[in-house]
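Visitor:
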Amino acid sequence: MPEPKMKPIWFFVGMILLVIGGIIFLNGIYLLFHPPVIKTVLADMHPDIWWGAIMIIFGGVLFLKTRNQLV
Amino acid sequence: MRAIGLSFIDWTIIIVYFGFVLGIGWYLKKFTKSQEDFFLAGRKNSSWVAGLAFLSANLGALELLGMTGNTFKYGMFVAHFYWIGAIPAMLFLGIYMMPFYYSSKIKSVPGYLKLRFDEKTRVLNGIAFAIMTLLVSGINLYAMALVLHTFIGWNWDVSMWASAITVAIYVTMSGLMSAIFTEIIQFFLIWFGLFLVSILGIVEIGSWKEIMVRINEYSSQVSYTTLWSSSANPLQNGMFVHWSGIVLGLGFVLSFGYWTTDFLVIQRAFSAKNLRSARMTPILASFFKMALPFIVILSGLIAIALSQDPHSGFKLLQDSGHTNYDSALPLLIARYYPSGLVGLGVTALLAGFMAGQAGNISAFNTVWTYDIYKSVLNKKASDSHLLVMGRASTIVGVIISLGTAYWAKSFPSIMDYMQAIFSWVNAPLFATMLLGMFIWWITPSGAFWGLIAGMVSSFSMYMAVKFHWINESIITMSSVQSDMAANFWRAWWAWLICVVVTVVISLFTKKRSKEELVGLVKGLTKENHDQYVPFIKRPEFYALISLVVFVILNILFW
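Chains as they are written, first to last, in my numbering: chain A, 128 to 198; chain B, 14 to 571.
1) Can Phe283/B and Ala291/B be called in contact, C-beta distance under 9 Å?
2) How big is the Cα-Cα spacing for Gly232/B and Tyr419/B?
3) Below 8 Å CB to CB, which residues in the same chain sit around Gly356/B once its five sequence neighbours on both sides are set aside?
4) Quick one: residues in its chain with C-beta nearer than 8 Å to the C-beta of Ser312/B, no 5 flanking neighbours on either side, listed in chain order?
5) Which residue wins for smallest C-alpha separation from Trp177/A, given the options Ile143/A, Leu153/A, Pro131/A?
6) Starting from Ala285/B, follow its DSSP beta bridges and name the residues at the other end.
7) Go through its chain and collect everything with a Cβ distance to Val266/B's Cβ below 7 Å, but skip five positions before and after it.
8) What residues from the region 142 to 158 of chain A come within 7 Å of chain B, judged by C-beta to C-beta, listed N to C?
9) Would you say Leu362/B and Ala177/B are within 9 Å of each other, going by their C-beta atoms?
10) Less than 9 Å separating the beta-carbons of Val514/B and Gly467/B?
11) Go through the region 306 to 334 of chain B residue by residue and report every complete run of the alpha helix (DSSP H) that reaches 4 residues or more, in order.
12) My output table needs one value for Gly167/A: the three-state DSSP class, helix, strand or coil.
13) Once you ignore the five residues that flank Asn378/B on each side, which residues in its own chain have a CB closer than 7 Å to its CB?
14) With DSSP as the reference, label Thr417/B as helix, strand or coil.
15) I'd like to know whether the C-beta of Ala347/B is nearer than 9 Å to at least one C-beta of chain A.
16) Exposed or buried, Glu223/B, counting other C-beta atoms within 10 Å across all chains shown (16 or more means buried)?
17) Apart from the five residues just before and just after Ile151/A, which ones in its own chain have a Cβ nearer than 6 Å to its Cβ?
18) Going along chain A, which residues have a C-beta under 9 Å from Glu217/B?
19) Provide the residue(s) that pair with Asn250/B in DSSP beta bridges, ordered along the chain.
20) Have a look at Phe554/B, Glu230/B, Ser388/B, Val160/B and flag the residue whose alpha-carbon is nearest the alpha-carbon of Gly139/B.
21) From the DSSP output, read off the bridge partner residues of Thr336/B.
22) Give me the residue from Asp275/B, Ile452/B, Trp437/B, Leu240/B with the minimum Cα distance to Gly536/B.
23) Does Lys535/B come out as helix, strand or coil in the three-state DSSP assignment?
24) Of all the options Ala318/B, Ile317/B, Thr273/B, which has the alpha carbon lying nearest to the alpha carbon of Ile296/B?
25) Quick check: what's the CA-CA separation for Asp322/B versus Ala181/B?
26) Between Ile1/B and chain A, is any beta-carbon pair separated by less than 9 Å?
27) List, in chain order, every chain B residue whose beta-carbon is nearer than 7 Å to that of Phe190/A.
28) Around the Cβ of Asp396/B, are there at least 16 other Cβ atoms within 10 angstroms (buried) or fewer (exposed)?
29) Apart from the five residues on each side of it in sequence, which residues of its chain come closer than 7 Å, Cβ to Cβ, to Trp167/B?
30) Using the three-state DSSP reduction, which class does Asp543/B fall into: helix, strand or coil?
31) Give me the subset of the region 323 to 352 of chain B whose CB atoms are less than 7 Å from a CB atom of chain A, sorted by chain position.
32) Apply the 10 Å Cβ neighbour rule to Glu76/B and answer buried if 16 or more other Cβ atoms are within range, or exposed otherwise.
33) Under 9 Å between the Cβ atoms of Gly200/A and Leu189/A?
34) Out of Lys524/B, Leu106/B, Phe269/B, Ala376/B, state which residue places its alpha-carbon closest to the alpha-carbon of Lys120/B.
35) If we count the other Cβ atoms within 10 Å of its Cβ and call it buried at 16 or more, is Glu230/B buried or exposed?
36) To which residues of the same chain is Phe501/B closer than 6 Å at the C-beta, ignoring the five residues directly before and after it?
In structure tokens form, the structure reads like this:
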């Protein structure tokens, strides 16, 4: 009987980075229009928006490239 | 005092992570049918998977809170743990030792001792490793509870039990494979979750040069910004250690002892699909290891620089009048991260702790099952019985580590505690492995009694200094007191004692024949791996590149 195949680890890495990056990015957009009362240092740089976007791109590429792979 | 407040979004990210790792454990359970699947992840991983897991198994609480805190305490000298304290040993493992480990098809490092020497040496090391692993596992729980309690305000006991139960569930379901999967996820979460601290720290202070200027203003007598140039005089560096202590104690004994013999990390290389992948595992990991100071050391240096500026408002937490060095990283997260990113930063820390603990537990269940249970208690145990035993020992191991976590609280810094344990077990084991793998006439009796002498002497030196029976300067050969220097030097003496006792006893006891040692000892074994592979595709080529990068980094930050 052939061994069952599983999704590669990179699929799961891509998925979690995509999901968490998406949450951070969307929350960053929300905070752009509803800024918090107490601001963090360098809040004006909006690190959540661009860092979330980087996570989405990185995670998205991994997720899309491996979504049909089995190892 | 609480440093970090969590919003709804932060909680969402933390819950997503917990759900994700439990989901992975459940998904992988259907692929975990045999003991080989459970203990060795089916031996089918690529060198990238095994390499990242190899590094991540070591990337627990120690790396994150401990190293950033220690950088605040000792300065840039802490980078020695990543460079000279890791890279040469990792490359040596990949080039010289892995062929003997992997080709002998052993399931654990003590298993090699059984083949090379005898059963009693294997059981001795198995027991010592099991105890050490559970003690170290306690650190992960302690560190996790520290983060959750001190910085988020969670109940100490509830935090420890909740995280321990999560680890127990997913390791019990699918063993090493789920541990490896979560270790790799943790690797990416740590980089995405914590590297931003370094970036924003540099942006706030202005430049790398400005960070160095501010730190040098902090202390003109002691250098916190150099690696080697202040190592000739222990009084001139933050760690108060001479370069010989770094080279012999950390760079040679502790580093080689950990990276080449500690089953926790080597188990990841055993999961590789073939010998080439197994050899590439520590070599690939060495590149990522060299990059880690750009998270932890840089964050620690940023914390020192900020603390020198009275207008920054940055100050480490105080516990009963003592500075809590481990608070440096969480305070930087609270300083720079808005909601959402705070959740990612806290998740990265949690992932580090949980993956570190899962690594310890998966190594413990393997050594317990093969090197203690099957070797001593039930020699005829079937495959399915060992699988059940592996799962049961996972749960027992987690419960015992919960107990050891409370002991870890009594140490002033996580790292000091960790290095003390390594110098008891790994330093003498490295001597035994080195002699056994490279000198054929080392005997089983020599190895056994040498190992005992090394472990007992290391532990005795530790206790003698702790209870002031002897002065620390006898061990460190320096009038300056430093826990870290004592660890380095104790490891060196333990290694030396083990070597001397092993060699002397081997001279007078019965040797095994050369024929019996083929495949286990260098010089008696034909090594023709990668014979027809071009040099640029061989592990040696990548090791050479790693070595060049290592030298450049040391010169750059000399």
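The beta carbon of each residue, even a glycine, is placed where N, CA and C say it ideally should be. Since the model is a prediction, treat every value here as computed from it, not as a measurement.
Guide: Once the coordinates are examined:
1) yes
2) First, the amino acid is wrong: residue 232/B is Ser here, not Gly. Roughly 35 Å between the two C-alpha positions.
3) Leu19, Ser20, Ile22, Asp23, Trp24, Thr25, Ile26, Ile27
4) Thr81, Thr84, Leu207, Val210, Ser211, Gly214, Ala341, Leu342, Leu345
5) Leu153/A
6) Asn58/B
7) Ala440, Phe443, Ala504, Trp505, Trp508
8) Ile143, Leu144, Val146, Ile147, Ile150, Ile151, Asn154, Gly155, Leu158
9) no
10) yes
11) 309 to 320
12) Note on residue identity: the sequence assigns Thr, not Gly, to residue 167/A. Coil.
13) Gly403, Ser406, Thr407, Gly410
14) helix
15) yes
16) exposed
17) Asp175, Gly179
18) Val168, Leu169
19) Ser236/B
20) Ser388/B
21) Gln331/B
22) Ile452/B
23) coil
24) Thr273/B
25) 44 Å
26) For chain B, the structure presents residues 14 to 571; residue 1/B sits outside this window and is missing.
27) Result: empty, since nearest Cβ-Cβ is about 12 Å, beyond 7 Å.
28) exposed
29) Leu161
30) coil
31) Arg348, Tyr349, Tyr350, Pro351, Ser352
32) buried
33) Here chain A has residues from 128 to 198 only, and residue 200/A is not among them.
34) Ala376/B
35) exposed
36) Gly258, Gly262, Leu263
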